[in-house]
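Trainee: Below: one structure in structure tokens.
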Amino acid sequence: MDDMHFGQTPEGQEIEQFRLSNSHGTFVDILTLGAIVRRFCVVTQDKQQRDIVLGFDDAESYFSNEHYLGCVVGRYANRIHKGSFSIGNNKYQADINQAGNCLHGGSNGFNKRVWKVKNVSSQQLRLSLFSEDGDQGFPGNLNLEVTYMLSDDNELIIHYQANSDKATVFNPTQHSYFNLDGHQADSIKEHKLHIHANHVLEVNENGIPSGHLKTVPGTDFDFNQEATLSNSLTSGDPLIVQAKGLDHNWCLADNSIDKTCARLTSSTNDLALEVKTTMPGLQIYTANFLSLDNGKDGCEYKPHQAICLETQFYPDSPNQEEFPSALLREGDVFRSETRYKVTVH
């Protein structure tokens, strides 16, 4: 386990970086800031190291942008309409930080917190975070642990566990931006994607669900058979046009941790990424508004240069009774797991 100093928060808190590595030369660099996956490097068939996630080389850059590169977001991933929700007879107002809604837990979400190190080894890192009652408007004192494990099968396993002393809503996700051609590669348009799902949520121009589940067969949202992303990114479907690409939640057909729910393949078919999860939804985001000139290794990052595969509850589920519930009751323990497995061809 390699440990290094990565910088400080604007308030002067120290940020550390830890490296998980396996017997194949794969390694993952994780920051205590935001539980961020900063590097995910795999060894290709021709023995070259390839970093497949976007990121920054300095701490300041993680604070000065709102793209959530590589972090764990919370308390509530995705959007809550107008930041408002009720639990029983109690109404709550979360922080509004995008287009009149609450996105990814608010303007001071978990991505901007320094997490505590609970346990560390060469292939595992366990981080914890305490979120006090009223944090960004959410109820309950929340204790959260996130454990990253890197297996010798090139699988990054992410386990979440949380409890609260008051009923709250909770929906964490990992927000890495993947490009299997390498983080510096121009585009993911020629990547191939497979998703095991028959429905996607219909949303308005601000990403808020209407409550209607759109059937995907025969549409440009249909990835039940592997399809090249360029087909959807150039689609005339109004839902895709208004988002300038994909930024939609697929309702997974099977959220068993033993079943692959999605598979992403590089443009040259030399790397594949399989996703497994216990969560009911998968938000696919094709970096539609990404515009950064300070990426890792001096790289410029542009729209459609990466793809996020965010496993989560559905957006705005606290206000949609028909959606899977994100309610975490007092005394209950939230547990979920997501796995990202890289295969080299």
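Counting in the working numbering, the sequence shown runs from 1 upward without gaps.
Glycine is no exception: its CB is placed at the ideal position from the N, C-alpha and C atoms.
Quantities reported herein were computed from a predicted structural model and do not represent experimental measurements.
In chain order, what residues of the same chain lie with their CB nearer than 6 Å to the CB of D222, ignoring the 5 residues before and after it?
Mentor: Stepping through the sequence shown from its first residue, residue 222 is reached at position 222. Contacts found: V216.
Trainee: For N255, count neighbouring Cβ atoms within 10 angstroms of its own Cβ and tell me buried if that reaches 16, exposed if not.
Mentor: Position 255 of the sequence shown, counted from the first residue, corresponds to residue 255. That one is buried.
Trainee: In whole angstroms, give me the CA-to-CA distance for I30 and L229.
Mentor: Here residue 30 corresponds to residue number 30 of the sequence shown, with the count starting at 1. Here residue 229 corresponds to residue number 229 of the sequence shown, with the count starting at 1. Using only the alpha carbons, I get a separation of about 28 Å.
Trainee: Report the start-end ranges of each alpha helix (DSSP H) in the stretch 26-67 that is 4 residues or longer and not cut off at the edges.
Mentor: Counting whole runs of 4 or more residues, the stretch 26-67 contains the alpha helix (DSSP H) stretches 59-63.
Trainee: Below 6 Å CB to CB, which residues in the same chain sit around C299 once its five sequence neighbours on both sides are set aside?
Mentor: To locate residue 299, count along the sequence shown from 1; it is residue 299. Closer than 6 Å at Cβ, skipping near neighbours: Q184.
Trainee: Which whole-angstrom value is the C-beta distance of R360 and I257, which I expect to be below 8 Å?
Mentor: Examination of residue 360 is not possible in this model, given that the chain is present from 1 through 345 alone.
Trainee: Using the beta-carbon count (16 or more within 10 Å), is F323 buried or exposed?
Mentor: Along the sequence shown, one-based indexing puts residue 323 at 323. Looking at its Cβ environment, which holds 16 or more other Cβ atoms inside 10 Å, F323 is buried.
Trainee: What does the Cβ neighbour count give for D46, buried or exposed, with the cut at 16 atoms within 10 Å?
Mentor: The residue labelled residue 46 in the question sits at position 46 within the sequence shown. Exposed.
Trainee: DSSP beta-bridge partners for E310?
Mentor: Along the sequence shown, read from residue 1 onward, the residue named residue 310 stands at position 310. DSSP output for E310 lists Q283 as bridge partner(s).
Trainee: Grab me the residues of A272's own chain with a C-beta within less than 8 Å of its C-beta, minus the 5 sequence neighbours each way, in chain order.
Mentor: Taking the sequence shown and counting its residues from 1, the one referred to as residue 272 is at position 272. The residues are L180, R263, L264, T265, S266, V342, T343, H345.
Trainee: Count the C-beta pairs between the stretch 114-124 and the stretch 36-56 that are closer than 8 Å, then say yes if the count reaches three, no if not.
Mentor: No, because fewer than three Cβ pairs between the stretch 114-124 and the stretch 36-56 fall closer than 8 Å, the two stretches do not touch.
Trainee: Would you tell me roughly how many angstroms separate the C-alpha atoms of R79 and G207, rounded to the nearest one?
Mentor: Numbered from its first residue, the sequence shown carries residue 79 at position 79. Numbered from its first residue, the sequence shown carries residue 207 at position 207. Whole-angstrom Cα-Cα distance: 7 Å.
Trainee: Inspect the CB distances between the stretch 136-153 and the stretch 85-94 and report whether three or more fall short of 8 Å.
Mentor: Taking 8 Å as the limit for Cβ pairs, the verdict is that the stretch 85-94 does touch the stretch 136-153.
Trainee: Note down the Cα distance separating L156 from Y148, rounded to an integer number of angstroms.
Mentor: In the sequence shown, counting from the first residue as 1, residue 156 sits at position 156. In the sequence shown, counting from the first residue as 1, residue 148 sits at position 148. Cα-Cα distance, rounded: 7 Å.
Trainee: Given this structure, state the Cα-to-Cα distance separating H5 from G211, to the nearest angstrom.
Mentor: Residue mapping note: residue 5 aligns to position 5 of the sequence shown, counting from 1. Residue mapping note: residue 211 aligns to position 211 of the sequence shown, counting from 1. Looking at the two C-alpha atoms, the distance is approximately 46 Å.
Trainee: Run the CB neighbour count on Q242, radius 10 Å, all protein chains shown included, and call it buried at 16 or more, exposed below.
Mentor: Working through the sequence shown from its first residue, we reach residue 242 at position 242. That one is exposed.
Trainee: Does D152 pass the burial test, meaning 16 or more other C-beta atoms within 10 Å, or should it be called exposed?
Mentor: In the sequence shown, counting from the first residue as 1, residue 152 sits at position 152. So D152 ends up on the exposed side.
Trainee: With C-beta atoms as the reference, is K112 less than 8 Å away from G100?
Mentor: Here residue 112 corresponds to residue number 112 of the sequence shown, with the count starting at 1. Here residue 100 corresponds to residue number 100 of the sequence shown, with the count starting at 1. For K112 and G100, no; Cβs fall outside 8 Å.
Trainee: So what does P209 bridge to, in DSSP terms?
Mentor: Along the sequence shown, read from residue 1 onward, the residue named residue 209 stands at position 209. According to DSSP, P209 bridges with V203.
Trainee: Decide yes or no for the touch test of the stretch 157-168 against the stretch 187-198: beta carbon pairs closer than 8 Å, at least 3 of them.
Mentor: Too few Cβ pairs lie closer than 8 Å, so no.
Trainee: How long is the line joining the alpha carbons of L54 and G331, rounded to whole angstroms?
Mentor: For the purposes of this step, residue 54 is taken as the residue at position 54 of the sequence shown. For the purposes of this step, residue 331 is taken as the residue at position 331 of the sequence shown. In a straight line, the C-alpha of L54 is about 37 Å away from that of G331.
Trainee: How is N269 classed by DSSP in three states: helix, strand or coil?
Mentor: Residue 269 sits at position 269 when you count from the first residue of the sequence shown. It is coil, neither helix nor strand.
Trainee: Would you kindly check if the distance between the Cβ of L290 and the Cβ of H67 is under 8 Å?
Mentor: Sequence index remark: in the sequence shown, residue 67 carries index 67 (1-based). Sequence index remark: in the sequence shown, residue 290 carries index 290 (1-based). Cβ atoms of H67 and L290: closer than 8 Å.
Trainee: Along the chain, where does the beta strand (DSSP E) that runs through L193 open and close?
Mentor: Residue mapping note: residue 193 aligns to position 193 of the sequence shown, counting from 1. Looking at the DSSP string, the run of the beta strand (DSSP E) that includes L193 is 192-195.
Trainee: The alpha helix (DSSP H) that contains S232, what's its start and end?
Mentor: Residue 232 sits at position 232 when you count from the first residue of the sequence shown. Unbroken alpha helix (DSSP H) run through S232: 229-233.
Trainee: To the nearest angstrom, report how far apart Q124 and L150 are at their CA atoms.
Mentor: Locating residue 124 in the sequence shown gives position 124, counting from the first residue. Locating residue 150 in the sequence shown gives position 150, counting from the first residue. Going by the C-alpha atoms only, they are around 6 Å apart.
Trainee: Please name the residue or residues paired with V73 in a DSSP beta bridge.
Mentor: The sequence position of residue 73 within the sequence shown is 73, counting from 1. Answer by DSSP bridge pairing, in chain order: T173.
Trainee: In whole angstroms, give me the CA-to-CA distance for V169 and N319.
Mentor: On the sequence shown, residue 169 is found 169 positions in, with the first residue counted as 1. On the sequence shown, residue 319 is found 319 positions in, with the first residue counted as 1. For V169 and N319, the distance between alpha carbons rounds to 11 Å.
Trainee: Looking at the strands, I want to know which residues DSSP matches up with H248.
Mentor: Here residue 248 is taken as the residue at index 248 of the sequence shown, counted from 1. BP columns for H248 point to I284.
Trainee: Using a Cβ-Cβ cut-off of 6 Å (strictly less than) and excluding sequence neighbours within five positions of I87, which residues of its own chain qualify?
Mentor: Taking the sequence shown and counting its residues from 1, one reaches residue 87 at position 87. Excluding positions up to five away in sequence, the list reads A167.
Trainee: Measure from the alpha carbon of I15 to the alpha carbon of each residue in L69, G70, H304, D3, then state which is nearest.
Mentor: Within the sequence shown, residue 15 is the residue found at index 15, counting from 1. With distances taken between Cα atoms, I15 lies closest to D3.
Trainee: What does the Cβ neighbour count give for D297, buried or exposed, with the cut at 16 atoms within 10 Å?
Mentor: Here residue 297 corresponds to residue number 297 of the sequence shown, with the count starting at 1. D297 is exposed by the Cβ-count criterion.
Trainee: Report the three-state DSSP secondary structure of N255 (helix, strand or coil).
Mentor: Residue mapping note: residue 255 aligns to position 255 of the sequence shown, counting from 1. In this structure, N255 counts as coil in the three-state DSSP scheme.
Trainee: For P209 versus Y314, is the C-beta distance shorter than 8 Å?
Mentor: Counted from its first residue, the sequence shown places residue 209 at position 209. Counted from its first residue, the sequence shown places residue 314 at position 314. Against a cut-off of 8 Å, the Cβ pair of Y314 and P209 comes out as a contact.
Trainee: Assign S366 to buried or exposed, taking buried as 16 or more other Cβ atoms, counted over all protein chains shown, within 10 Å of its Cβ.
Mentor: Outside the modelled stretch of the chain, which goes from 1 to 345, sits residue 366, for which no answer is possible.
Trainee: Please classify A162: does DSSP put it in a helix, a strand, or coil?
Mentor: Taking the first residue of the sequence shown as position 1, residue 162 is located at position 162. Here A162 sits in strand by DSSP.
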